[in-house]
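In terms of numbering that gives the first Met the number 0, the numbers along the sequence shown are unbroken and rise by one, the last being 301.
What follows is a short report on a single structure.
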Amino acid sequence: MDTPRPTATTAQHQVSTPPDKTLDTATAGAVLWRTAQIRAGHGPRARAATRALAEDFNQEYEGVATALSFEDGFGTRGRLHWLIHLRSLQDYTALTQRGADRGSGVFGRAAGEDDGWEELFEAGSVRETVLLPHRWGIFGTATEAMMQQGIDPIEAVDGRSRFQLLPAAEQTSLPVESLLTSASAGLLMHRTAQVHYAYRAEARVLARTLAETYNLNAKGRTSVLMFEEAFGQMDRIHFFIHMADIEAYQELMALDASPDPTAPRASYIQDWISPERGGGTWDKIVMQDSTRDGLLVPRTFG
0 MDTPRPTATT AQHQVSTPPD KTLDTATAGA VLWRTAQIRA GHGPRARAAT RALAEDFNQE
60 YEGVATALSF EDGFGTRGRL HWLIHLRSLQ DYTALTQRGA DRGSGVFGRA AGEDDGWEEL
120 FEAGSVRETV LLPHRWGIFG TATEAMMQQG IDPIEAVDGR SRFQLLPAAE QTSLPVESLL
180 TSASAGLLMH RTAQVHYAYR AEARVLARTL AETYNLNAKG RTSVLMFEEA FGQMDRIHFF
240 IHMADIEAYQ ELMALDASPD PTAPRASYIQ DWISPERGGG TWDKIVMQDS TRDGLLVPRT
300 FG
């Protein structure tokens, strides 16, 4: 008799809103990634405070923002992660104004309320990074070929031009309902890589090609979406690799080892830099020792 495979817990259970109203890495216009290290001896209180804060936040801002919480897996014990998914970058300003002092940023108590973070988390350990879904031409990184094809991500709003940010679901040819996201994945691998400035356009073509290759080959077991870092390190790209469960990681390893021309290996050995610029594969584009993987496990609320 076969033993049934255990079902991984997802972050969707953290919110009361149904999946079609939960903002996630596929549907958000911007993602605020916050991390903090729990102070030794304060684990239960810190996790309870996280739950209460997220529940209040999600109830108050349903349809505008969704906060999901995670914890390091196989990394630093007691390191918490929050992904605050915003409907749009413009909503960030509105959310910071919930408290007159803005001391706790978007994801914190309103003015006059004590959220207790000062004693629950290590001093100086709280970090926030704004991530924007990649779109061709972001930060001026369209290739010459794209420009010739008329790639134009600029829109006019109230007589002013601005870059149009689209949700990451627009990056793939697969329907959004078939994608694993930060809300529906059993595990979330966060990969970062620093690319050479000289090849920043080629790097993004490579990155998007690899992401879609994984998406098409993984058959719903893994979904890869790409983000750009705003207000931080230039040309450091972020991938959220959403996996159904831990076995999906071994399935990705099998894809990497596959000689099939439709598998990712073909992209790794392909020349992405034009002959006029000296040619070169991915290893000339990505800076050595800059790639990092972190495994995020959805926090379980009892």
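Heads up, the beta-carbon is just placed ideally off N, CA and C, and yes, glycines get one too.
Check: I think F300 touches R44, with their Cβ atoms under 8 Å apart; what is that distance to the nearest whole Å?
Finding: Rounded, the Cβ-Cβ distance is 15 Å, inconsistent with contact.
Margin query: For the segment 24-31 against the segment 70-80, do three or more pairs of beta-carbon atoms, one drawn from each stretch, fall closer than 8 Å, so that the two count as touching?
Written below: no
Next item on the list: Compute every distance between the C-beta of Q163 and the non-hydrogen atoms of the ligand ZN, then say whether any falls below 7 Å.
Entry: Summarising the ligand content, the structure contains no ligands, and the ligand ZN is consequently not present.
Checklist line | Cβ shell of E61 (< 8 Å), same chain only, five flanking positions each side left out | finding: T16 and K20
Next item on the list: Since I believe Q36 is in contact with E121 (beta carbons under 8 Å), could you give me their beta-carbon distance rounded to a whole number of angstroms?
Entry: 4 Å
Checklist line | Within 8 Å, strictly: CB atoms of F226 and L131 | finding: yes
Item checked: Nearest-angstrom Cβ-Cβ length linking A7 and A182, presumed shorter than 8 Å -> Wrong, their Cβ atoms sit about 13 Å apart, outside the cutoff.
Next item on the list: Report buried or exposed for Y311, applying the criterion of at least 16 other Cβ atoms within 10 angstroms of its Cβ.
Entry: The question about residue 311 has no answer here: the residues shown for the chain are numbered 0 through 301.
Margin query: Checking 8 Å against the spacing of the C-beta atoms, do M252 and T221 come in under that value?
Written below: no
Item checked: Cβ separation of L186 and L294, assumed to be a contact under 8 Å, to the nearest whole Å -> 6 Å
Checklist line | Bridge partners - A155, DSSP secondary structure assignment | finding: S160
Check: Any chance the segment 251-271 sits against the segment 146-155, with 3 or more Cβ pairs inside 8 Å?
Finding: no
Notebook entry, point to check: Using the C-alpha atoms, what's the distance from H237 back to G42?
Noted result: 28 Å
Next item on the list: To the nearest angstrom, report how far apart T191 and E169 are at their CA atoms.
Entry: 20 Å
Next item on the list: Ignore the nearest five residues each way along the sequence and tell me which others in I245's own chain have a CB closer than 7 Å to its CB.
Entry: L186
Margin query: Rounding to the nearest angstrom, what Cα-Cα distance links M286 and A217 in this structure?
Written below: 27 Å
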